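My numbering numbers the first residue of the sequence shown as 896 and each following residue consecutively. The C-beta atom is built at its ideal place from N, Cα and C for all residues, glycine as well. Nothing here was measured: the structure is a model prediction, and the numbers come from that model. Report on one structure; see the data block that follows.
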Amino acid sequence: MSVTVRFAPSPTGHIHIGNVRPALFNYLFAKKQGGNFVLRYDDTDVQRSKEEYAVGIAEDLKWLGINPDRVEKQSERFALYDAAATKLKDAGLLYACYETPEELERRRNRARALGRPPVYDRAGLKLTDEQIAEYEAEGRKPHWRFKLPNHVEGDPFSFNRTEVHWDDVIRGRQTVDLASLSDPVLVRADGTYLYTLPSIVDDADMGITHVIRGEDHIANTGVQIAIFQALGAQVPEFGHHNLLTTASGEGLSKRSGALSIRSLREEGYEPMAVCSLAVLTGTSHAVEPAKSMEALAEMLDFSGISKSAAKFDPEDVGHLTAKLVHDMSFADVADRLKAEDVEGDEAFWSAVKENCSTVSDAKQWWELVVGSVTPEIAEEDKEFIAQAKDLLPQEPWSEETWGEWTKAVKGETGRKGKGLFMPLRKAITGLAHGPDLKNMLPLIGREKTLDRLS
Ligand code: GLU
C-alpha cells in the first residue's frame, strides 16, 4: 500500500516553527516513499476556527515548500462523524453522561484523596430511565463517552489491566494500559465533536497509513487504536516525535509570535533555514542548512530522533539563513533582487553576498552603488582624502583599480593599513564596514567616487 500521511492543524492561530516539525516529518516521509501528503484542517471547533488562519496556514506551508496533494476541512465532513457516532452508540460503546464539569472535578478529587487513580467510574452507565428523565427535565444535555475495552467481559465496572501495543516508527515498541485511562468524551453536551472521533474517522476514510505527530499524543494513541478497532477500521502505523522547546525547555505555544512562520518570513529568513532547524534539531544529524526538500529528506532518519526534548536556539534561523545566502548563485536570487528594485548584476551579487545575512540585505548595498551616500570624512583626514582624490585613476575600472589606486595613495601620503583604507572606505561608502571595495569600486564608478571624495 502506498504511503499516505496527514498534517492536521487547528486553524485557531498562526503556525510556528514547532508546528512545522510534524508537518515536515510527514511531508518528507511521504516524499521519500513516493506517497501522498494530506493537509487536513482540524476545524470541528467552529467557534475558535477562523478562515483567515486556514488561509494563513496554506500560505505559510507554500512558502516553506510544502505542497499538499489533497486539502480537506473537517467542518465539511460532519455527516461521516455522525455516522460513526451512531455506529458506536448502536454497539453500546458510546454512552450518555450527565455530570457537570464541577461534579467531575469533585469526583476526581475524591478519588485522589482515597489514593485511587482519577479514572471516570462509568456512573453514566448506571443511570436509570428516571434519573435520565430528571436530568433532561432540568435542561441538562448529555455528553458522550467511548467505553474503553478495559474491563472484565460483560462487567464494565470491573476494570482489568488491558495493554495496547504498537511499534512506533520513531520510538519503538510502546504500551498503554487502557485501564489507567478514563473513557474519553467524544461528543460534547452541545453536540460538537472533540478532536478524537473526527480524526480517527478521517484517518480511516482517507487511507492514512502513518500518523506522525508529537509525543504529547502518546496516551491518545492507545485510546485511538481501541476506537479504530471498535469501528472495524484499519489501524495506521504511529510515530511520535519529541517536541521543539526553547533552550530553557519552554514549549512553543501558538502565541509565540516571533517564531510564527509569518514573522520569520517577514524578517527575511530563508524557508529552507526554517525547515532545516525545525527538522534537524533534536536528531542525531548536525543542524545544518539543507538547500532543498530533497536534501532535507535525505538527512531525516526517524531512528535518529532523540527521546528527549528538541531544544533549539531561535538565533540559529539567522545563522542558517546567512549560510544559505552566502552559497546562493546570482540565478538563485535574480528574481528576488528585481522584486526589491535591486538592479545589480552577477558582479554585484558576488561582491555583496558575503555581507548579506538575508537576501534583502542586498538592498542596502545597492543603495551604496546607485544612491546618495553621506561621506564620512574626519577633520584630520581632509588633506589625505584630497590627495587621494587627485590620484583617482581614469576609467575604465576593473577589480585591479582599487589596488592600483591605494598603492599610489600609499606612495604619496606614506599612510598604510587601516590608516590608509578606513578613511577611504568611510568617504566612499559612509560606513566603517561593508563589501570589499576592490569589487565595489567598479560598480560605483569614477563620477560618484569623485563626488564622495569632496
Ligand atoms: N490538531 C491536532 C494537533 O495539532 C492533530 C493531532 C494529530 O495529528 O492527530 O495536536
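Check, Outcome
"Given 8 Å, three or more beta-carbon pairs between the stretch 1177 to 1194 and the stretch 926 to 937", "yes"
"Any non-hydrogen atom of the ligand GLU closer than 8 Å to tyrosine 1090 Cβ", "yes"
"Beta-carbon contacts of glutamate 1162 that lie in its chain and below 7 Å, excluding the five residues immediately before and after", "none"
"Neighbourhood of phenylalanine 850 by C-beta, 6 Å cutoff - its chain only, sequence neighbours within 5 removed", "Only positions 896 to 1349 of the chain appear in this structure, which leaves residue 850 out of reach."
"heavy atom of the ligand GLU below 8 Å from glycine 1109 C-beta", "yes"
"Residue burial classification, proline 1291 (beta-carbon count within 10 angstroms, cutoff 16)", "exposed"
"Proximity test, arginine 1017 beta-carbon vs the ligand GLU heavy atom, cut-off 8 Å", "no"
"First and last residue of the uninterrupted beta strand (DSSP E) at proline 852", "Coverage of the chain is limited to positions 896 through 1349, which leaves residue 852 absent and any answer about it impossible."
"Exposure label - histidine 1328; buried when at least 16 CB within 10 Å", "exposed"
"Near the ligand GLU: proline 904 beta-carbon under 8 Å from a heavy atom", "yes"
"Opening and closing residue of the alpha helix (DSSP H) in which leucine 975 lies", "973 to 985"
"Own chain, CB closer than 6 Å to proline 909, minus 5 neighbours either side, in chain order", "The sequence shown places histidine at residue 909, not proline. Gly951, Ser1155 and Arg1157."
"Identified DSSP bridge partners for leucine 934", "Phe902 and Val966"
"Runs of beta strand (DSSP E) wholly within the stretch 1000 to 1046 (minimum 3 residues, chain order)", "1038 to 1041"
"Heavy atom of the ligand NAP within 8 Å of arginine 901 beta-carbon", "Absence of the ligand NAP is noted for the structure shown, with the ligand GLU being the only ligands found."
"Paired residues, beta bridge with isoleucine 1107 - DSSP", "Gly1134"
"Boundaries of the beta strand (DSSP E) in which tryptophan 1061 is found, first to last residue", "1058 to 1063"
"Where proline 1288 falls: helix, strand or coil (DSSP)", "coil"
"Local conformation of leucine 1092 per DSSP, three classes", "helix"
"Minimum C-alpha distance to proline 963 - residue among Ile1272, Leu923, Gly1340 and Thr1253", "Leu923"
"Histidine 911 classed as buried or exposed, judged by whether at least 16 other C-beta atoms fall within 10 angstroms", "buried"
"Endpoints, beta strand (DSSP E) assigned at proline 1051", "1050 to 1054"
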